[in-house]
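Under full-length UniProt numbering, think of the first position of the sequence shown as 1, with each following residue one higher. A short worksheet on the structure shown next.
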Amino acid sequence: MLEQDIKKVLISEDELQAKAVELGEVLTNDYAGKNPLVVGILKGSVPFLADLIKRIDAHLEMDFMVVSSYHGGTSSSGEVKLIKDLDTSVEGRDILIVEDIIDTGRTLKYLAELLEHRKANSVKIVTLLDKPEGRVVEIDADYVGFQVPNEFVVGYGLDFDENYRNLPYIGVLKEEIYQ
Ligand code: 5GP
Ligand code: MG
Ligand code: MG
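Listed below in structure tokens is the structure:
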């Protein structure tokens, strides 16, 4: 069904699972003895966050934010708006932002600055995917799962018009789907 809309698979289900284990081990070490607040950016980060936190062997809390930058379609509008804020105070906390992908960098720059302004003790970013060629503002993730080429990708949380988030892998859509 969904698979017939996919031109090619970029990252397989096995590779995604292995990456969650690998990053989880690194984060377990880096957050040993801390009590990080893991901040998932809805909705794209949900599958990655769910797999990742199971591999972090540390006390942690989790909370979520909603921001908008893409309004459907495949290109960014350029402005970032906060739609749903955290329920948890960030002052003095070690924050780990979990994102699906960094493209222009606008979303994460906005969020990292917001949380720093609220006097977090530390703000770090883990992103499943990084598209370095798309960057228009200067920001880098502290932990990156995979670098991807400058193509519109879907699956494992990433949508096209709110669809395809439930694909178990990361793929590229056939052109006819978004024409
Ligand atoms: P940025 O602010 O870095 O340009 O964009 C971040 C957001 O844009 C991501 O969290 C994601 O929601 C969306 N985005 C950027 N590139 C892609 C892509 O290739 N595929 C999908 N589905 N969403 C993308
Ligand atoms: Mg996102
Ligand atoms: Mg989207």
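Backbone N, C-alpha and C define an ideal beta-carbon position, used for all residues, glycine too.
Item checked: Cβ-Cβ distance between I101 and V39 below 8 Å -> In the sequence shown, counting from the first residue as 1, residue 101 sits at position 101. In the sequence shown, counting from the first residue as 1, residue 39 sits at position 39. One thing to note: I101 has its Cβ no nearer than 8 Å to the Cβ of V39.
Next item on the list: Write down every uninterrupted run of the beta strand (DSSP E) in the UniProt domain "Phosphoribosyltransferase" (27-160) whose length is 3 residues or greater and which is fully enclosed by it, in chain order.
Entry: Those beta strand (DSSP E) runs which fall completely within the UniProt domain "Phosphoribosyltransferase" (27-160) and span 3+ residues are 37-42, 61-68, 81-84, 94-102, 122-130, 143-147.
Item checked: Cβ shell of L115 (< 6 Å), same chain only, five flanking positions each side left out -> Here residue 115 refers to the residue found at position 115 of the sequence shown. Correct list, in chain order: V90, I95, V123.
Next item on the list: Please find out if some non-hydrogen atom of ligand 2 comes closer than 7 Å to the beta-carbon of E99.
Entry: Residue mapping note: residue 99 aligns to position 99 of the sequence shown, counting from 1. For E99, the Cβ falls inside the 7 Å cut-off from some heavy atom of ligand 2.
Next item on the list: Go ahead and pull the three-state DSSP assignment for L23.
Entry: Start at 1 with the first residue of the sequence shown, and residue 23 comes out as number 23. Three-state DSSP puts L23 in a helix.
Note to self: Under DSSP, the beta strand (DSSP E) around I177 begins and ends at which residues?
What the structure shows: Stepping through the sequence shown from its first residue, residue 177 is reached at position 177. For I177, there is no enclosing beta strand (DSSP E), since its DSSP letter is neither H nor E.
Check: What whole-angstrom Cβ distance do K174 and K7 have, given they're in contact under 8 Å?
Finding: On the sequence shown, residue 174 is found 174 positions in, with the first residue counted as 1. On the sequence shown, residue 7 is found 7 positions in, with the first residue counted as 1. Between K7 and K174 the Cβ distance is about 5 Å, and since that is below 8 Å, they are a contact.
Checklist line | Proximity test, F146 beta-carbon vs ligand 1 heavy atom, cut-off 7 Å | finding: Position 146 of the sequence shown, counting from 1, holds the residue named residue 146. Answer for F146: no, Cβ out of range of ligand 1.
Margin query: Check this for me: beta carbons of V136 and L10, under 8 Å apart or not?
Written below: Residue numbering aside, residue 136 sits at position 136 when the sequence shown is read from its first letter. Residue numbering aside, residue 10 sits at position 10 when the sequence shown is read from its first letter. For V136 and L10, no; Cβs fall outside 8 Å.
Check: What is the DSSP secondary structure of L16, counted as helix, strand or coil?
Finding: As a first step, residue 16 is located in the sequence shown; it is residue number 16 there, counting from the start. Note: L16 maps to helix in three-state DSSP.
Margin query: If distances are taken between C-alpha atoms only, which option among K109, N121, Q147, D30 comes closest to E133?
Written below: For the purposes of this step, residue 133 is taken as residue 133 along the sequence shown, with counting starting at 1. Per the C-alpha coordinates, the member of K109, N121, Q147, D30 positioned closest to E133 is Q147.
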